[in-house]
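Colleague: Keeping their order, the protein sequence lines are chains A and B. Position in the first sequence (first residue = 1) + 9 = the numbering used here. Position in the second sequence (first residue = 1) + 159 = the numbering used here. Glycine is no exception: its CB is placed at the ideal position from the N, C-alpha and C atoms. Quantities reported herein were computed from a predicted structural model and do not represent experimental measurements.
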Amino acid sequence: AQTVTQSQPEMSVQEAETVTLSCTYDTSESDYYLFWYKQPPSRQMILVIRQEAYKQQNATENRFSVNFQKAAKSFSLKISDSQLGDAAMYFCALVVGGSRLTFGEGTQLTVNP
Amino acid sequence: SAVISQKPSRDICQRGTSLTIQCQVDSQVTMMFWYRQQPGQSLTLIATANQGSEATYESGFVIDKFPISRPNLTFSTLTVSNMSPEDSSIYLCSVEAGGGETQYFGPGTRLLVL
Numbered sequence: 010a011q012t013v014t015q016s017q018p019e020m021s022v023q024e025a026e027t028v029t030l031s032c033t034y035d036t037s038e039s040d041y042y043l044f045w046y047k048q049p050p051s052r053q054m055i056l057v058i059r060q061e062a063y064k065q066q067n068a069t070e071n072r073f074s075v076n077f078q079k080a081a082k083s084f085s086l087k088i089s090d091s092q093l094g095d096a097a098m099y100f101c102a103l104v105v106g107g108s109r110l111t112f113g114e115g116t117q118l119t120v121n122p
Numbered sequence: 160s161a162v163i164s165q166k167p168s169r170d171i172c173q174r175g176t177s178l179t180i181q182c183q184v185d186s187q188v189t190m191m192f193w194y195r196q197q198p199g200q201s202l203t204l205i206a207t208a209n210q211g212s213e214a215t216y217e218s219g220f221v222i223d224k225f226p227i228s229r230p231n232l233t234f235s236t237l238t239v240s241n242m243s244p245e246d247s248s249i250y251l252c253s254v255e256a257g258g259g260e261t262q263y264f265g266p267g268t269r270l271l272v273l
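Right, here's the structure in full:
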């Protein structure tokens with residue numbers, strides 16, 4: 010079975026600053042995918058970034074980047090130049106081939122002007 | 160990626176009634192998923208719906224309570240049957256698209272049961 014843990018229920022950041030959201034996971038498989046999803050107040054789940062476990066290079070998408078540490082089973086999300094629109098609940102998620110997506114409990118991010 | 164729509168976007172229902180939620184995707188997909196998100200919580204998978212076969216339900220979810228249809232590769236429905244206030248949640252459908260087992264989500268259906 011897979012587990013995903015987000016130890017920060019809430020985080021806050023000043024506009025234009027950088028914030029890092031933490032995520033750890035557990036799986037016995039060597040091939041899997043990791044994701045960060047954003048859920049604003051509209052409740053739409055929006056894919057932020059994806060990381061393939063077999064790739065050593067950390068994924069980046071504009072202001073969003075990850076620090077993927079496979080040995081430590083850690084997958085943190087860094088948001089640079091934070092904007093008011095980044096305020097949302099962020100979910101870390103894991104999928105192992107053919108199985109269901111396992112979500113963490115989420116981190117509520119507040120962006121202060 | 161995929162563009163997904165859900166109907167209705169929200170509803171208020173009386174206990175004991177049933178509601179059918181529709182999920183439409185703009186391209187043909189093999190796997191569709193239904194999730195429930197209870198207030199203040201993370202997402203929980205209800206079932207996986209593949210076209211041409213019976214849906215596969217997760218532990219704690221049964222077909223009598225959450226019947227699912229998957230008539231073609233772009234459409235699915237989830238029915239919440241004999242509703243109680245505990246069924247008040249957001250229900251989301253998702254599809255696997257774009258490779259890498261990536262799931263894209265619909266906008267969700269907010270259900271309140273009185």
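1) M210 (chain B) CB to nearest chain A CB: under 9 Å?
2) Does T180 (chain B) get closer than 9 Å to chain A when you measure Cβ to Cβ?
3) Bridge partners for K87 (chain A) per DSSP, in chain order?
4) Within 10 angstroms of its Cβ, does D223 (chain B) collect 16 or more other Cβ (buried), or is it exposed?
5) List the residues of chain B whose Cβ lies closer than 9 Å to the Cβ of R109 (chain A), in chain order.
6) For Y250 (chain B), which residues in chain A fall below 9 Å Cβ to Cβ?
7) Evaluate the contact criterion for the region 193 to 203 of chain B versus the region 171 to 179 of chain B: three or more CB pairs, one atom per stretch, below 8 Å.
8) Judging by CA-CA distance, which residue of B:F220, B:Y263, B:A208 is the nearest neighbour of I227 (chain B)?
9) Is the separation between the beta-carbon of D35 (chain A) and that of T12 (chain A) shorter than 9 Å?
10) Please list, in chain order, all residues of the same chain as S85 (chain A) whose beta carbon is under 7 Å from its beta carbon, the five residues on each side excluded.
11) Can you confirm whether the region 186 to 193 of chain B touches the region 242 to 261 of chain B when touching is taken to mean that 3 or more C-beta pairs between the two stretches lie within less than 8 Å?
12) Looking at the C-beta of P226 (chain B), does it have a partner C-beta in chain A at a distance below 9 Å?
13) Determine, using beta-carbon pairs with one atom in the region 88 to 107 of chain A and one in the region 47 to 57 of chain A, whether at least three such pairs fall under 8 Å.
14) Hey, how far is the Cα of S108 (chain A) from the Cα of F264 (chain B)?
15) Comparing the C-beta of Y42 (chain A) with each C-beta of chain B, is any distance below 9 Å?
16) In whole angstroms, what separates the C-alpha of E245 (chain B) from that of G219 (chain B)?
17) Which of the three DSSP states is assigned to L251 (chain B) in this structure?
18) Using a Cβ-Cβ cut-off of 7 Å (strictly less than) and excluding sequence neighbours within five positions of T215 (chain B), which residues of its own chain qualify?
19) Under a CB-based cut-off of 9 Å, is Q196 (chain B) close to chain A?
20) Skipping 5 residues on each side, what residues in its chain have a beta carbon closer than 8 Å to that of D170 (chain B)?
Modeller: Judging by the given coordinates:
1) Counted from its first residue, the second sequence places residue 210 (chain B) at position 51. For clarity, residue 210 (chain B) is Gln in the given sequence; the question names Met instead. Taking Cβ atoms only, chain A never reaches closer than 9 Å to Q210 (chain B), which makes this a no.
2) Reading the second sequence from its first residue, position 21 is the one you call residue 180 (chain B). One point to set straight first is that residue 180 (chain B) is Ile, not Thr, in the sequence displayed. No, because no Cβ of chain A sits closer than 9 Å to the Cβ of I180 (chain B).
3) As a first step, residue 87 (chain A) must be located in the first sequence, where it is residue number 78. K87 (chain A) pairs with A:T29, A:S74.
4) Counting from one through the second sequence, the residue named residue 223 (chain B) turns up at place 64. That one is exposed.
5) Start at 1 with the first residue of the first sequence, and residue 109 (chain A) comes out as number 100. By Cβ distance, chain B contributes F192, L204, T207, E217.
6) Residue mapping note: residue 250 (chain B) aligns to position 91 of the second sequence, counting from 1. Chain A residues near Y250 (chain B): none, gap ~10 Å exceeds 9 Å.
7) Contact fails between the region 193 to 203 of chain B and the region 171 to 179 of chain B, because fewer than three Cβ pairs, one in each stretch, are under 8 Å apart.
8) Within the second sequence, residue 227 (chain B) is the residue found at index 68, counting from 1. Scanning B:F220, B:Y263, B:A208 for the CA closest to the CA of I227 (chain B) turns up B:A208.
9) Taking the first residue of the first sequence as 1, we reach residue 35 (chain A) at position 26. Taking the first residue of the first sequence as 1, we reach residue 12 (chain A) at position 3. Cβ atoms of D35 (chain A) and T12 (chain A): closer than 9 Å.
10) If you number the first sequence from 1, residue 85 (chain A) lands on position 76. The beta carbon of S85 (chain A) sits closer than 7 Å to the beta carbons of T29, L30, S31, C32, V75, N76 from its chain, once the five residues preceding and following it are set aside; these are given in chain order.
11) The region 242 to 261 of chain B vs the region 186 to 193 of chain B: in contact.
12) What you label residue 226 (chain B) is simply residue 67 of the second sequence in a count that begins at 1. Judged by the 9 Å Cβ criterion, P226 (chain B) is not in contact with chain A.
13) Yes: at least three Cβ pairs fall under 8 Å.
14) Residue 108 (chain A) sits at position 99 when you count from the first residue of the first sequence. Residue 264 (chain B) sits at position 105 when you count from the first residue of the second sequence. One C-alpha to the other measures close to 17 Å.
15) In the first sequence, the residue the question calls residue 42 (chain A) occupies position 33. At least one chain B Cβ lies under 9 Å of Y42 (chain A).
16) Here residue 245 (chain B) is taken as the residue at index 86 of the second sequence, counted from 1. Here residue 219 (chain B) is taken as the residue at index 60 of the second sequence, counted from 1. Roughly 14 Å separates the two Cα atoms.
17) For this step, residue 251 (chain B) is matched to residue 92 along the second sequence. In the structure shown, L251 (chain B) falls within a strand segment according to DSSP collapsed to helix, strand and coil.
18) By one-based count along the second sequence, residue 215 (chain B) stands at place 56. Only A206, T207 meet the Cβ criterion.
19) By one-based count along the second sequence, residue 196 (chain B) stands at place 37. With its beta carbon less than 9 Å from one in chain A, Q196 (chain B) belongs to the interface.
20) Sequence index remark: in the second sequence, residue 170 (chain B) carries index 11 (1-based). Here the set comprises L178, T268, R269, L270, L271.
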